[in-house]
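Visitor: Encoded as structure tokens, here's the structure I'll be asking about.
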Amino acid sequence: MTAQQRIAFQGMHGAYSDQAARRAFPGATTVPCRTFEGAFGALRDGDVDLAVIPIDNTLAGRVADVHHILPDSGVHIIGETFLRINHALVAVPGARISDIKEIRSHVHALGQCRKIRQELGVNTVVGPDTAGCAKEVADLGDKSIAAIAPVLAAEIYGLDVLRTEVEDAAHNTTRFIILAREPLDIANDGTPVVTSFVFRVRNVAAALYKALGGFATNGINMTKLESYMVEGHFTATQFFAEVEAHPEQLGLRHALEELQFFSHEVRILGVYPSHSFRRENDLPAE
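Counting from -8, one number per residue, gives the positions in the sequence shown under this note's numbering.
Structure below.
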């Protein structure tokens, strides 16, 4: 990774996606994109070298837009990174908490910070994203209006941090995927890897049960299975799945062969190193 490389993310400078990209690739240039489609397009068109995109949050769940865009985007997952979400209450310089009468932020951030909102008893305004709300507060220059946003956004837009870690849940964490135009050529050498793929089962009785049976019988740990309808058909269900194994590993190879038998299509979206966060945050067996 060099400082000349450009990393696309969705949102404005100072967003959590911006923070995740900067942390994963120190020294790189982060490139804001208004929408997820814009970030995918910038990568696909060669305007940037990589993209860092959120896919799951421990509180909000999956990022639905990404799950719909990713399968047909033409890009590949080459890595993952995790970011602990630390919300901060930020306002214009000189403001005090007692001055605050209104808080602006993204709907998810507001939902994750109910205690501070109840404590202050203020009005809330939903904005497009956390960093955008921080910029709005800076532009307005009103000491009675604050934002719930990353500390990075406060630094970028010249705001004071009135209080940090105002989120209700300490485990609030977002997982981001790292995307590239070409897949990662990763060896099957025993290093922990994740394989992400999508599939559509045939519309027959017990197809999903039979399709997934090969993962159990071959000892493959499936860490994610998400379903969503496609093409406007109630019977056309696509599944996004992730397993902790390499496709060249014998067990996963057999499991994928069995999956193919009961599916219309199976497409691997990426094979990439498993982030250490997974192992550091494993729950003990009960």
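In this text, a Cβ means the ideal position worked out from N, Cα and C, and glycines have one as well. Quantities reported herein were computed from a predicted structural model and do not represent experimental measurements.
#1: Compare the C-alpha of Val57 against each of Val98, Gly118, Phe167 and name the closest.
#2: Under the DSSP definition of a beta bridge, which residues are partnered with Cys24?
#3: Grouping DSSP H, G and I as helix and E and B as strand, with all else coil, what is Gln229?
#4: Check each candidate in Pro17, Thr49, Leu61 and name the one with the smallest Cα separation from Ala171.
#5: Below 8 Å, can you find three or more Cβ-Cβ pairs linking the stretch 72 to 89 to the stretch 132 to 152?
#6: Which residue's Cα is closest to the Cα of Gln229: Glu127, Glu256, Gly118?
#7: Measuring CA to CA, which of Leu203, Leu250, Leu150, Ile169 is closest to Arg13?
#8: State the Cα-Cα distance for the pair Ala145 and Ile76, rounded to the nearest angstrom.
#9: Verify whether the separation of the beta carbon atoms of Phe268 and Ala232 is less than 8 Å.
#10: Would you report the Cα separation of Val234 and Lys126, rounded to the nearest angstrom?
#11: Just the Cα atoms here: how many angstroms apart are Gln(-5) and Ile259?
Guide: Short version:
#1: For the purposes of this step, residue 57 is identified with residue 66 of the sequence shown, where counting begins at 1. Measuring from the Cα of Val57, the nearest candidate turns out to be Phe167.
#2: Position 33 of the sequence shown, counting from 1, holds the residue named residue 24. Looking at the DSSP output, Cys24 bridges to Gln1.
#3: Reading the sequence shown from its first residue, position 238 is the one you call residue 229. Here Gln229 sits in strand by DSSP.
#4: The sequence position of residue 171 within the sequence shown is 180, counting from 1. Check the Cα spacing between Ala171 and each of Pro17, Thr49, Leu61: the tightest is with Leu61.
#5: Short answer: they touch.
#6: The residue labelled residue 229 in the question sits at position 238 within the sequence shown. It is Glu256.
#7: The sequence position of residue 13 within the sequence shown is 22, counting from 1. Arg13 has its Cα closest to that of Ile169, out of Leu203, Leu250, Leu150, Ile169.
#8: Along the sequence shown, one-based indexing puts residue 145 at 154. Along the sequence shown, one-based indexing puts residue 76 at 85. Near 15 Å, if we compare the C-alpha coordinates of Ile76 and Ala145.
#9: Here residue 268 refers to the residue found at position 277 when the sequence shown is read from its first residue. Here residue 232 refers to the residue found at position 241 when the sequence shown is read from its first residue. Against a cut-off of 8 Å, the Cβ pair of Ala232 and Phe268 comes out as no contact.
#10: Counted from its first residue, the sequence shown places residue 234 at position 243. Counted from its first residue, the sequence shown places residue 126 at position 135. The C-alpha of Lys126 is placed about 40 Å away from the C-alpha of Val234.
#11: In the sequence shown, counting from the first residue as 1, residue -5 sits at position 4. In the sequence shown, counting from the first residue as 1, residue 259 sits at position 268. Going by the C-alpha atoms only, they are around 30 Å apart.
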